[in-house]
Structure formats: structure tokens, C-alpha cells
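Asks: Before anything else, here's the structure in question.
Number of protein chains: 2
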Amino acid sequence: MTPIRLLLADDQDLVRGGLAALLSLEPDLEVVAQVGRGDEVLDAVRLHRPDIALIDIEMPGADGIEVTRQITSALLGCRCLIVTTFGRPGYLRRAMEAGASGFVVKDTPAERLAQMVRQVASGQHVVDPQLAADSLAGGIDPLTDRERDVLRAAAAGGSIRAIAESVRLSPGTVRNHLSSAIGKTNTQNRYEAAREAQHRGWI
Amino acid sequence: MTPIRLLLADDQDLVRGGLAALLSLEPDLEVVAQVGRGDEVLDAVRLHRPDIALIDIEMPGADGIEVTRQITSALLGCRCLIVTTFGRPGYLRRAMEAGASGFVVKDTPAERLAQMVRQVASGQHVVDPQLAADSLAGGIDPLTDRERDVLRAAAAGGSIRAIAESVRLSPGTVRNHLSSAIGKTNTQNRYEAAREAQHRGWI
DNA sequence: GTGGCTGCATGACAACTGTCATGGACGATT
DNA sequence: AATCGTCCATGACAGTTGTCATGCAGCCAC
Numbered sequence: 584m585t586p587i588r589l590l591l592a593d594d595q596d597l598v599r600g601g602l603a604a605l606l607s608l609e610p611d612l613e614v615v616a617q618v619g620r621g622d623e624v625l626d627a628v629r630l631h632r633p634d635i636a637l638i639d640i641e642m643p644g645a646d647g648i649e650v651t652r653q654i655t656s657a658l659l660g661c662r663c664l665i666v667t668t669f670g671r672p673g674y675l676r677r678a679m680e681a682g683a684s685g686f687v688v689k690d691t692p693a694e695r696l697a698q699m700v701r702q703v704a705s706g707q708h709v710v711d712p713q714l715a716a717d718s719l720a721g722g723i724d725p726l727t728d729r730e731r732d733v734l735r736a737a738a739a740g741g742s743i744r745a746i747a748e749s750v751r752l753s754p755g756t757v758r759n760h761l762s763s764a765i766g767k768t769n770t771q772n773r774y775e776a777a778r779e780a781q782h783r784g785w786i
Numbered sequence: 584m585t586p587i588r589l590l591l592a593d594d595q596d597l598v599r600g601g602l603a604a605l606l607s608l609e610p611d612l613e614v615v616a617q618v619g620r621g622d623e624v625l626d627a628v629r630l631h632r633p634d635i636a637l638i639d640i641e642m643p644g645a646d647g648i649e650v651t652r653q654i655t656s657a658l659l660g661c662r663c664l665i666v667t668t669f670g671r672p673g674y675l676r677r678a679m680e681a682g683a684s685g686f687v688v689k690d691t692p693a694e695r696l697a698q699m700v701r702q703v704a705s706g707q708h709v710v711d712p713q714l715a716a717d718s719l720a721g722g723i724d725p726l727t728d729r730e731r732d733v734l735r736a737a738a739a740g741g742s743i744r745a746i747a748e749s750v751r752l753s754p755g756t757v758r759n760h761l762s763s764a765i766g767k768t769n770t771q772n773r774y775e776a777a778r779e780a781q782h783r784g785w786i
């Protein structure tokens, strides 16, 4: 039988190279391409036609969830397996909504990665059970689109005025959205709210 | 010649396994032990007697810099190579002070890791040149002990009052220390100051 | 069409925060 | 002994921030 063709997308060279070495040990797996930026993944998939793309979430250019959306909606016959450091419930949910076939955190035992790849290749969906439970328990994102925008800007730091300029809103409106987000996250100020939202994968 | 014996310490199984696979491809390198917690490294070094320990900084149990200090001060004939995600100047400086023989960030090209390991094995010190420059340019920690304490507490979030309670100071004093730290970090508020100090490795 | 939700904005208020001046205590240095 | 730097504290001030009430406009579902 022909080997399963893999593409690796991760911005850290050592990690990507390590995963490639690890997966190449398996006779039925073949790493056919590697990329280090989110915005290079789609082209690489078109060019190399992998069966499965292993995609990190944190990447420059475009994040892994956006990339997953691009690949699955392009109908290229390539399934997406998210491989990420952070098992945030929001990440999992958004990844699956984007069409991912699996979700693995990087502290999964190394022996099981190849096995998960095979499961995805055979059409199954693979999700860490603990994470799936957290995701359900964690509740869904109560933030509005604008609140998310403003929170993201707040996470970068700076005064209300600076945030207002970066999202093109009046300072008063920014404060309203932030106040609302602070309430929804049960926090005391925008910095905590931004961190909490980030932790839950809402932004 | 006998192969160079390596120990890998990294809390993420996939990354650790990947690095092991990568390094095992080299005929002159041998991975003799792997651990996932900082507080298990020293015992593993005593047991397996590696020539070089590749150590991540962020680990549960004990951080990689502390572990490096333990290993080098125990005079076990094991050199330490820090392999970390974050190339923060403060990390580099503290790692070298702790006795590390090298410092590599995880977006180093995978091909060069083995080469760096060999350099360390031959007694050289290996440091990313860009990082070394940043470290020198970044300057030394201008914060006083109390400012560090207060900044650490501020990084955890919460109001001035909460910070004051956690460090057993009056709120006014906390504000003074924070104000001073804000000035020294060229930031606008305590959150940015805490983040900046963290980034530079001051706290 | 009407009601309900969201986005956007304004203004007012209280609370919080950063800055500054000031002062006392302590240890290290000269 | 005098000086310096740090720590701690207080009080005052201005600016920022979070909250709330209110209003208008657009969109969607019923």
C-alpha cells in the first residue's frame, strides 16, 4: 500500500524537524512537505497534495484555525489535524468548526501521534477526551464580535484612546465594550478580561 | 569513537520525542534518557550519566535554569544546553550565569542542532549570535528587589489593594514601586510594565 | 411592522491609578 | 558622623478607567 502523505506546518524549526523525524520512522507515513508560516500552507497543500496536514495553531502569517478553514473549504482532499501547545477549549471548538479532523496537544505521548494520524487518514475524527470534556464544560463564547475586537486590541496594551484608534471607534464605545467583556469574564479590568478570554480561547 | 550521550528534558512529549528521533538519526549521538519534569532531571543525570543535557526552560517541577544550576554545581561532568521557545535576553543571561554551555531557541534550523550539540560536547560555548547581541543591548536589571516583588504580584492581575495584600505593603507604597517600575520600563501602566519586565527576564 | 438584539455614541459619576513631594527608618559606604 | 540608596508610608492632584443611563440606527425573526 502507498504511504500516507503528510504536510507539517509549525513555525518552530526544531519542533517541525523533530516531528518529521518522528513520523518518518513509521514505514507507512511519509512527510512530503514542511512549512513554517500559516500563509504558505495552502499553496504547499496544492503543490504537494498531502493526505493529511498537521497544523500548529500559533504561526506567523495566518493562524492554524484559519488555515484549516482554507484547506477544508478548498476541497483538496486533505484532512487537517491540529497539533498545538495549548489545549484551550475555545481552540478545540473553533478548530472543529473550521473543519479539522482531529486535535492533539503537544504533550500527547509521542507513540500515539502516528496512530492518530492513521485514524484521521481512515476518516475518523480524533480528539483528546479530556479536552473534549473541558470544551463542553467551558461553555461557549458569550462575546460579541466587537467585544472580541476590542479585547484583542486591549491585550496588546495601551490606553483606551490607543485601543479606540486601533479599532476605529470612539473611546466611549470602547469603554462600553470593555465593560461588557469585563462583566462576561467575571474580571476586574480589561487586562484580566483579555487574559481570561485568551485562556478560554475566545479571542 | 563512542557516541555522545544525551539527556532530553522537555515537558511536551511530542516535542521531546521529536527531538529524540531527530538526534538519533545522527550516528555519533545517542539519547540515553528523557524526562518531562524539571525536578526529575538531576536524578536522571546521576543515573544515566549523559555527556550533555538538553533542557527546556518552561517545565513543571523546576525550571530549566534552576536545573542547570543543580547539574553544573553537582560536578557530574554533564554539560547543559538550553533549548527553549523564548529567546528572552534575561533567560539567556540567567542561563549562562547558572553554568549553561549553550542556548538555542526552538526556531533554530533543525539541521544545526546536532552540530551545536557536538560543539558543546567539544567544550565550546554555543549561543545564538542575535540573541547574544540583544542580551547585551537589553541591559541589566535596573529594578530593586521590592519593585520586582510588586511587579510579579501585578503580573498576576488584580487591583492595587490586592497586590498590596499579597506583598504585605500599604497600597500607597505599592503604587510608588509600580510607578518607579513603570518609569524604568518606559511603559504606561503596571500591566505593560510587568509584561515588559517579564519579556526582558527581570522577573 | 414590531420587537429584540447588536453596534455605536455621548455624558456624567465614582473609583482607581500614576505621579509627585515629603518624611522617617535602616544599612552600607565614605 | 555624614552621606547615600533603598524601603516604607502618607497625602494631594490630575488623569484614566469602569459603570450606568440614554439615545439612535441597522438588521433579523416573528
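Protein sequence lines, in the order shown, are assigned to chains W and S. In my numbering, each residue's number is its place in the first sequence (first place is 1) plus 583. In my numbering, each residue's number is its place in the second sequence (first place is 1) plus 583. Heads up, the beta-carbon is just placed ideally off N, CA and C, and yes, glycines get one too.
(1) Beta carbon of D690 of chain W, beta carbon of Q595 of chain S: below 8 angstroms?
(2) Could you list which residues in chain S have their beta carbon closer than 9 angstroms to that of R778 of chain W, in chain order?
(3) Let me see if you follow: with CB-CB separation under 8 angstroms, is V700 of chain S close to chain W or not?
(4) Under the rule that 16 or more other beta-carbon atoms within 10 Å means buried, what is S684 of chain W, buried or exposed?
(5) Could you give the DSSP three-state label for I746 of chain W: helix, strand or coil?
(6) Between V628 of chain W and C661 of chain W, is the Cβ-Cβ spacing less than 8 angstroms?
(7) Rounded to the nearest angstrom, what separates G601 of chain S and Y774 of chain S at their Cα positions?
(8) Using the beta-carbon of each residue, which ones in chain W are nearer than 7 angstroms to E775 of chain S?
(9) List, in chain order, every chain S residue whose beta-carbon is nearer than 7 angstroms to that of D646 of chain W.
(10) Looking at chain S, which residues of the stretch 654-674 of chain W have a Cβ within less than 9 angstroms of any of its Cβ atoms?
(11) Using 8 angstroms as the threshold, is the C-beta distance between V688 of chain S and M699 of chain S below it?
(12) Leaving out five residues before and five after R599 of chain S in sequence, what residues of the same chain have Cβ atoms less than 6 angstroms from its Cβ?
(13) Please give me, in chain order, every unbroken run of the beta strand (DSSP E) with length at least 3 that falls completely inside the stretch 594-663 of chain W.
(14) Tell me the rounded alpha-carbon separation between M584 of chain W and A716 of chain S.
(15) Using beta-carbon positions only, say whether A704 of chain W and L606 of chain W come within less than 8 angstroms of one another.
(16) Which residues in the same chain have their Cβ closer than 6 angstroms to the Cβ of E748 of chain S, if we skip the five residues on either side of it in sequence?
(17) Cα-Cα, which of S:G621, S:D626, S:A736 and S:G740 is closest to P643 of chain S?
(18) The beta strand (DSSP E) that contains R588 of chain S, what's its start and end?
(19) Taking the CB atoms as reference points, tell me whether A681 of chain S and T651 of chain S lie closer together than 8 angstroms.
(20) So, with DSSP's three-state summary, where would you put I765 of chain S?
(21) Flag this pair as yes or no: are the beta carbons of I587 of chain W and L612 of chain W separated by less than 8 angstroms?
(22) Please say whether L675 of chain W and I635 of chain W have beta carbons closer to each other than 8 angstroms?
(23) So G685 of chain S is in the beta strand (DSSP E); what residue range does that whole segment cover?
(24) Are the CB atoms of A678 of chain W and F669 of chain W nearer to each other than 8 angstroms?
(25) Quick check on V598 of chain W - is its C-beta less than 8 angstroms from some C-beta in chain S?
(26) Pull up the CB-CB distance for R783 of chain S and G673 of chain S, whole angstroms please, since I reckon it's below 8 angstroms.
(27) If you measure from the beta carbon of A636 of chain W to each beta carbon in chain S, is any gap under 8 angstroms?
(28) Whose C-alpha, out of S:D732, S:A780, S:T768 and S:E779, is nearest the C-alpha of V757 of chain S?
(29) What does the Cβ neighbour count give for S718 of chain S, buried or exposed, with the cut at 16 atoms within 10 Å?
(30) Taking Cβ-Cβ distances below 9 angstroms as the criterion, which residues of the stretch 607-633 of chain S are in contact with chain W?
(31) Given that Q771 of chain W touches chain S, what residues does it touch there, using C-beta distances under 8 angstroms?
(32) Taking the CB atoms as reference points, tell me whether D724 of chain W and W785 of chain W lie closer together than 8 angstroms.
(33) Under the rule that 16 or more other beta-carbon atoms within 10 Å means buried, what is G647 of chain S, buried or exposed?
(34) Which class does T756 of chain S belong to by DSSP, given the choice of helix, strand or coil?
(35) In whole angstroms, what is the alpha-carbon distance linking A736 of chain S and L761 of chain W?
(36) Am I right that L589 of chain W and L630 of chain W are in contact with their C-beta atoms under 8 angstroms? What's the rounded C-beta distance?
Replies: Taking the structure as given:
(1) If you number the first sequence from 1, residue 690 of chain W lands on position 107. If you number the second sequence from 1, residue 595 of chain S lands on position 12. Yes, the Cβ-Cβ distance between D690 of chain W and Q595 of chain S is below 8 angstroms.
(2) One-based indexing of the first sequence puts residue 778 of chain W at position 195. What R778 of chain W touches in chain S: G740.
(3) Within the second sequence, residue 700 of chain S is the residue found at index 117, counting from 1. Chain W contact via Cβ: absent.
(4) One-based indexing of the first sequence puts residue 684 of chain W at position 101. Counting Cβ neighbours within 10 Å, S684 of chain W comes out buried, since at least 16 surround it.
(5) Here residue 746 of chain W refers to the residue found at position 163 of the first sequence. Correct three-state label for I746 of chain W: helix.
(6) Here residue 628 of chain W corresponds to residue number 45 of the first sequence, with the count starting at 1. Here residue 661 of chain W corresponds to residue number 78 of the first sequence, with the count starting at 1. For V628 of chain W and C661 of chain W, yes; Cβs fall inside 8 angstroms.
(7) If you number the second sequence from 1, residue 601 of chain S lands on position 18. If you number the second sequence from 1, residue 774 of chain S lands on position 191. Cα to Cα, the separation comes out at about 36 angstroms.
(8) By 1-based counting over the second sequence, the position of residue 775 of chain S is 192. In chain order: G740.
(9) Position 63 of the first sequence, counting from 1, holds the residue named residue 646 of chain W. Near D646 of chain W there are no residues of chain S at all, since even the closest Cβ is about 17 angstroms away, more than 7 angstroms.
(10) V666 and T668
(11) Here residue 688 of chain S refers to the residue found at position 105 when the second sequence is read from its first residue. Here residue 699 of chain S refers to the residue found at position 116 when the second sequence is read from its first residue. Cβ atoms of V688 of chain S and M699 of chain S: not closer than 8 angstroms.
(12) Reading the second sequence from its first residue, position 16 is the one you call residue 599 of chain S. Only L591, D593 and Q617 meet the Cβ criterion.
(13) 612-618 and 635-638
(14) Residue numbering aside, residue 584 of chain W sits at position 1 when the first sequence is read from its first letter. Residue numbering aside, residue 716 of chain S sits at position 133 when the second sequence is read from its first letter. Distance between the alpha carbons of M584 of chain W and A716 of chain S is about 52 angstroms.
(15) Here residue 704 of chain W corresponds to residue number 121 of the first sequence, with the count starting at 1. Here residue 606 of chain W corresponds to residue number 23 of the first sequence, with the count starting at 1. No.
(16) Taking the first residue of the second sequence as 1, we reach residue 748 of chain S at position 165. Here the set comprises nothing.
(17) Residue numbering aside, residue 643 of chain S sits at position 60 when the second sequence is read from its first letter. Selected option, being the one with the closest Cα: S:G621.
(18) By 1-based counting over the second sequence, the position of residue 588 of chain S is 5. From DSSP, the beta strand (DSSP E) with R588 of chain S extends over I587 to A592.
(19) Locating residue 681 of chain S in the second sequence gives position 98, where the first residue counts as 1. Locating residue 651 of chain S in the second sequence gives position 68, where the first residue counts as 1. Yes.
(20) As a working note, residue 765 of chain S is residue 182 in the second sequence. Three-state result, I765 of chain S: helix.
(21) Counting from 1 along the first sequence, the entry for residue 587 of chain W is found at position 4. Counting from 1 along the first sequence, the entry for residue 612 of chain W is found at position 29. For I587 of chain W and L612 of chain W, yes; Cβs fall inside 8 angstroms.
(22) Here residue 635 of chain W is taken as the residue at index 52 of the first sequence, counted from 1. Here residue 675 of chain W is taken as the residue at index 92 of the first sequence, counted from 1. Result no, Cβ atoms of I635 of chain W and L675 of chain W do not sit closer than 8 angstroms.
(23) For the purposes of this step, residue 685 of chain S is taken as residue 102 along the second sequence, with counting starting at 1. Segment G685 to V688, the beta strand (DSSP E) holding G685 of chain S.
(24) Within the first sequence, the letter at position 95 stands for residue 678 of chain W. Within the first sequence, the letter at position 86 stands for residue 669 of chain W. Cβ distance not < 8 angstroms, so A678 of chain W and F669 of chain W don't count as in contact.
(25) By one-based count along the first sequence, residue 598 of chain W stands at place 15. Chain S contact via Cβ: present.
(26) Along the second sequence, read from residue 1 onward, the residue named residue 783 of chain S stands at position 200. Along the second sequence, read from residue 1 onward, the residue named residue 673 of chain S stands at position 90. Contact holds; Cβ gap of about 5 angstroms.
(27) To locate residue 636 of chain W, count along the first sequence from 1; it is residue 53. Cβ-Cβ to chain S under 8 angstroms: no for A636 of chain W.
(28) Locating residue 757 of chain S in the second sequence gives position 174, counting from the first residue. For the residues S:D732, S:A780, S:T768 and S:E779, the minimum Cα distance to V757 of chain S belongs to S:D732.
(29) Position 135 of the second sequence holds residue 718 of chain S. It is buried - the Cβ of S718 of chain S has at least 16 other Cβ atoms within 10 Å.
(30) S607, L608 and G619
(31) Here residue 771 of chain W is taken as the residue at index 188 of the first sequence, counted from 1. Here the neighbours are G740, G741 and S742.
(32) Looking up residue 724 of chain W in the first sequence gives position 141. Looking up residue 785 of chain W in the first sequence gives position 202. In contact: D724 of chain W and W785 of chain W (Cβ atoms closer than 8 angstroms).
(33) The count along the second sequence starts at 1 and reaches residue 647 of chain S at position 64. Counting Cβ neighbours within 10 Å, G647 of chain S comes out buried, since at least 16 surround it.
(34) Position 173 of the second sequence, counted from the start, is the residue given in the question as residue 756 of chain S. Note: T756 of chain S maps to helix in three-state DSSP.
(35) Indexing the second sequence from 1 puts residue 736 of chain S at position 153. Indexing the first sequence from 1 puts residue 761 of chain W at position 178. Straight-line Cα distance between these residues: approximately 23 angstroms.
(36) Residue mapping note: residue 589 of chain W aligns to position 6 of the first sequence, counting from 1. Residue mapping note: residue 630 of chain W aligns to position 47 of the first sequence, counting from 1. The Cβ separation is near 14 angstroms, so there is no contact.
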